[in-house]
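Trainee: Note that our numbering has the sequence shown beginning at 520, numbered continuously upward. No residue lacks a Cβ here, since even glycine has one placed at the ideal position from N, Cα and C. Predicted model only: the values in this text are computed from it and were never measured.
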Amino acid sequence: MTGPTVGVLALQGDVREHLDALALLGLRGVRVRRAAELDDCDGLVLPGGESTTMMKLAAILGLLEPVRERLAAGMPAFGTCAGMILLADRVLDGAAGQGSIGGLDVTVRRNAFGRQVDSFEGPLDVRGLAEPVHAVFIRAPWVEQVGRGVEVLAEAAGHPVAVRQGRLLATSFHPEVGADTRVHGLFAELLRD
Ligand code: GLN
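1. Would you call the stretch 588-597 and the stretch 560-572 in contact, with 3 or more CB pairs under 8 Å?
2. Straight-line CA distance for Arg587 to Asp644?
3. Would you decide whether Thr521 is buried or exposed? Buried here means 16 or more other CB atoms lie within 10 Å of its CB.
4. Under 8 Å by Cβ, that's how I've got Ala607 and Arg646 pegged, so tell me the actual separation to the nearest angstrom.
5. For Met574, which option in Gln531, Val655 and Leu705 has the closest C-alpha, if you only look at C-alpha atoms?
6. Short of 8 Å in beta carbon distance, which residues of its chain neighbour Asp561, apart from the five on each side in sequence? Order them along the chain.
7. Who are the near neighbours of Glu569 in its chain, counting only those whose CB is closer than 8 Å to its CB and skipping five residues on each side?
8. If contacts are defined as beta-carbon pairs under 8 Å, then Ser691 and Ala649 qualify, I think. What distance do you get, rounded to the angstrom?
9. Mind checking which residues open and close the alpha helix (DSSP H) that includes Val645?
10. In the DSSP assignment, find the unbroken alpha helix (DSSP H) run with Val702 in it and report its ends.
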């Protein structure tokens with residue numbers, strides 16, 4: 520298969536779902552668990568799941584610095600939910616000592632929507648898409664502050680829930696759930712740029 524190879528950080532979480540979405544778009548997706556596997560990738564997806572667990576595993580496996588270096592060198596990346604937290608430069612309500620990989624100049628708040636409504640779904644307008652997406656939020660973060668150069672693509676409850684900065688894309692919700700690949704399509708555009 521020609522075209523870009525997209526890594527999916529495969530430590531925990533929605534790995535299979537992202538691989539399926541990439542395949543539907545005709546993109547080659549590979550699991551990334553080791554730094555050497557990152558070398559073959561033209562882009563990286565950071566899936567939904569549990570950001571604290573993913574950070575711990577990424578540190579143990581020596582992935583943090585290699586991913587940071589590739590992001591700094593301009594590799595396109597797409598984080599969903601926990602993956603958005605991993606990409607954020609600043610994390611509020613993190614677990615004790617929780618850091619992030621960073622790269623995206625935003626402040627996110629973990630589990631921001633509150634316990635009563637910690638999971639919900641519904642139509643969401645996303646800039647660049649003609650029709651709303653059916654957005655699934657599961658103990659989702661929201662964005663509390665965006666740096667210059669960060670474009671807000673969608674908002675819910677008065678907060679950004681989809682953002683883009685250069686070749687980085689992040690959503691609070693899970694576009695990998697369901698068969699709608701349009702948000703992954705926005706990421707595919709960043710891979711082509
Ligand atoms: N609440 C999770 C976290 O902090 C994210 C939830 C998700 O990815 N669905 O990592």
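Mentor: Looking at the atomic coordinates:
1. yes
2. 31 Å
3. exposed
4. Their Cβ separation, rounded to whole angstroms, is 19 Å, which puts Ala607 and Arg646 out of contact at 8 Å.
5. Gln531
6. Within the same chain, Asp561 has close Cβ partners Pro523, Thr524, Val525, Met594, Pro595 and Leu710.
7. Gln531, Gly532 and Ala601
8. No, Ser691 and Ala649 are not in contact; Cβ-Cβ is about 21 Å, not under 8 Å.
9. Element bounds for Val645: n/a, residue is neither H nor E.
10. Arg701 to Arg711
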